[in-house]
Amino acid sequence: MTPIQQAIKAMEAARQHLIQLGYDGSSSGLDAALSRLKKEDGWQPIEDIAPHHRCIVAGWQEPRNGVAGYWWWDEDDSDEYGKPVTHPDATLFMTISLPNHPEVKND
107 MTPIQQAIKA MEAARQHLIQ LGYDGSSSGL DAALSRLKKE DGWQPIEDIA
157 PHHRCIVAGW QEPRNGVAGY WWWDEDDSDE YGKPVTHPDA TLFMTISLPN
207 HPEVKND
């Protein structure tokens, strides 16, 4: 299978998944389906991040210099206004779910 055939196959699989999520062919339907898909995976719009929050942030790197576009992600904190400190260009975030710290026993 050629790379183009592989890409077409992947795009068709993605299209079928979006249809299952309720995509009706319109641009607003696509936005709604993508929004549901992101929430299923735990991703939320960066505008919804709380101040002073530790999280994973992500964004889309546009194609440039012969390199295809790709999603990037990294750990970050939000400032007092709910903006990512290290990656202000992030568009999505996911809460980091960590266990509570162990209790310290003072003997």
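Using the numbering used here, the first residue of the sequence shown is number 107, and each one after it goes up by one. Cβ atoms here follow ideal geometry from the backbone N, Cα and C, with glycine treated the same way.
DSSP three-state assignment for residue i, whether helix, strand or coil
i	result
Ile162	strand
Run of the beta strand (DSSP E) containing residue i, from where it starts to where it stops
i	result
Asp185	Where Asp185 is concerned, there is no enclosing beta strand (DSSP E), given that its DSSP letter is neither H nor E.
Met200	198-201
Chain C within 8 Å of residue i, Cβ atoms only
i	result
Ile125	Although the question refers to chain C, the structure presented lacks it and comprises just one protein chain.
Nearest candidate by alpha-carbon position, reference residue i, set the options
i	options	result
Ile155	His207, Ser184, Asp147	Ser184
Lys189	His123, Pro157, Met107, Ala120	Pro157
Asp182	Val210, Val191, Ala174, Asn171	Val191
Integer Cβ distance of residue i from residue j, believed to fall under 8 Å
i	j	result
Ile125	Ala196	Not confirmed; about 29 Å, so no contact.
Glu180	His193	Glu is not the amino acid found at residue 180; the sequence shown has Asp there. Correct: roughly 6 Å between the Cβ atoms.
Leu167	Trp178	The question names Leu, but residue 167 is Gln in the sequence shown. Confirmed, about 6 Å.
query = Do the segment 163-172 and the segment 187-202 touch if we need at least three Cβ pairs shorter than 8 Å?
reply = yes
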